[in-house]
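Protein chains in written order, with our numbering: chain A, 6 to 157; chain B, 6 to 157.
Each residue gets a CB set at the ideal place from its N, CA and C atoms; glycine is no exception.
Below you'll find the structure, written out as C-alpha cells, and then a few comments.
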C-alpha cells in the first residue's frame, strides 16, 4: 500500500481514519508480557483463570503498541512528516483484550493547530481507539501528533 | 531479590521508590522500533542525524516499557497483589532518550484510596519517572495502580 504523504494541513477536524484490524494470539500475549509486564493474567493461562479476569488478557502496553503500529501501517501517519508526540492527554484501557478477539482500529482528528513559533510544525490532536467484537472500545488514546507542515 | 508483598494499605502518600536504572543500546532501540514504531529517527542512525533530534532516539513506547519493567523488577509492584491499571492521567515524553544514557527510575505515591464498593481493592495513584544523566525528567507517567487490599 502506498499511502499519500500527509502534512499537518491535510488533517481536518472530524476526519476519520480506519487503520486496520488485529487479533492477538495467546502465544504472543505471553511472550511479550514475559519480557515487559509479567502479571500472572498476561503470562499463564491457568493462573489467569483464577484472577478477576477469568482468563488470559493482553498487557495494555502490548495493546498500545498494536495501535501505534496501526497508525503507521494504516496510513494515518506518514514517515516523511511525522515527528512523534510529546505524550498523551488520555490513555485508557477500558476493556480486557483476549486472544482471538478481532480489534478494529480507528482514529478521529479532534483539532489541528499550526505552530506560530515554528511554522514548519503542526499539532494534530486525535483520538485513536481499538474496538472489540462486542462493539466496546477496549483502548482509547488522545494525543497530539507533531506533523510537518506543507508550508513550513 | 525477594521483595516484600505490598498490599494497598502498604502504600502511603509521599513514599518514594527507587526502582533501578537502565541504558538503551542503539541496537535494541532499532530492533524494537522496526517492529512497532518505525520513525526514521528510531531505526536509522544516519537518517536520524538529518532530523530535528540530531541522532537516534528511543521510541517513547519503548521507554514506557522499560519503566513498566522497572515497576515490576524494582519492587514497586508485587505480582501477588497487582491487578493492572485502567489507564493513565498523564503520559509525557519530555526529553529524547539516546543510546547509552543511564536512566534512573523513581516512583512517588500521590494518594491511596481503598474502594468502598469492592473492599478487596485499592487504587494507588503514583507518578513514575525516568531521569537522564543531565538530571532532566525524560519520561513521566501518572497512573492509578489497582492493588489488592490486605483486609479485603
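Where DSSP assigns a beta bridge to residue i, which residues make up the other side?
i                      : result
residue 134 of chain B : B/111, B/145
residue 23 of chain B  : B/111
residue 79 of chain A  : Note: residue 79 of chain A sits in no beta bridge, so no partner.
residue 150 of chain A : A/129
residue 92 of chain A  : B/97
residue 84 of chain A  : Residue 84 of chain A is not bridged to any residue.
residue 118 of chain A : A/128
Would you verify that the beta carbon of residue i is, or is not, closer than 8 Å to some beta carbon of chain A?
i                      : result
residue 155 of chain B : no
residue 9 of chain B   : no
residue 70 of chain B  : yes
residue 110 of chain B : no
residue 138 of chain B : no
residue 159 of chain B : The shown model of chain B, from 6 to 157, leaves out residue 159 of chain B, and the question about it has no answer.
When the cut-off is 8 Å and only beta carbons count, does residue i lie next to chain B?
i                      : result
residue 83 of chain A  : no
residue 143 of chain A : no
residue 42 of chain A  : yes
residue 97 of chain A  : yes
residue 75 of chain A  : no
residue 91 of chain A  : yes
residue 45 of chain A  : yes
residue 65 of chain A  : yes
Under 8 Å between the Cβ atoms of residue i and residue j?
i                      : j                      : result
residue 5 of chain A   : residue 10 of chain A  : Because chain A spans 6 through 157 in this model, residue 5 of chain A falls outside it and cannot be assessed.
residue 89 of chain A  : residue 151 of chain A : yes
residue 101 of chain A : residue 58 of chain A  : yes
residue 79 of chain B  : residue 22 of chain B  : yes
residue 118 of chain A : residue 12 of chain A  : no
residue 16 of chain A  : residue 72 of chain A  : no
residue 69 of chain A  : residue 34 of chain A  : no
residue 5 of chain B   : residue 146 of chain B : With chain B represented from 6 up to 157, any question about residue 5 of chain B goes unanswered, as that position is not in the structure.
residue 53 of chain B  : residue 46 of chain B  : yes
Alpha carbon to alpha carbon, how far is residue j from residue i? Give it in angstroms, no decimals.
i                      : j                      : result
residue 97 of chain B  : residue 120 of chain B : 28 Å
residue 106 of chain A : residue 149 of chain A : 28 Å
residue 55 of chain A  : residue 32 of chain A  : 19 Å
residue 93 of chain B  : residue 125 of chain A : 31 Å
residue 140 of chain B : residue 99 of chain B  : 12 Å
residue 82 of chain A  : residue 76 of chain A  : 6 Å
residue 103 of chain A : residue 156 of chain A : 44 Å
residue 111 of chain B : residue 95 of chain B  : 16 Å
residue 44 of chain A  : residue 115 of chain B : 23 Å
residue 39 of chain A  : residue 14 of chain B  : 27 Å
residue 8 of chain B   : residue 66 of chain B  : 27 Å
residue 138 of chain A : residue 30 of chain A  : 15 Å
residue 123 of chain A : residue 18 of chain A  : 21 Å
residue 51 of chain A  : residue 20 of chain A  : 43 Å
residue 41 of chain A  : residue 84 of chain B  : 13 Å
residue 142 of chain A : residue 130 of chain A : 19 Å
residue 136 of chain B : residue 60 of chain B  : 19 Å
Report yes if the C-beta of residue i is less than 7 Å from at least one heavy atom of the ligand ATP; otherwise report no.
i                      : result
residue 145 of chain B : This structure lacks the ligand ATP; in fact it carries no ligand of any kind.
key: Completely contained beta strand (DSSP E) runs for the stretch 12–73 of chain B, where each covers 3 or more residues   = Those beta strand (DSSP E) runs which fall completely within the stretch 12–73 of chain B and span 3+ residues are 21–27.
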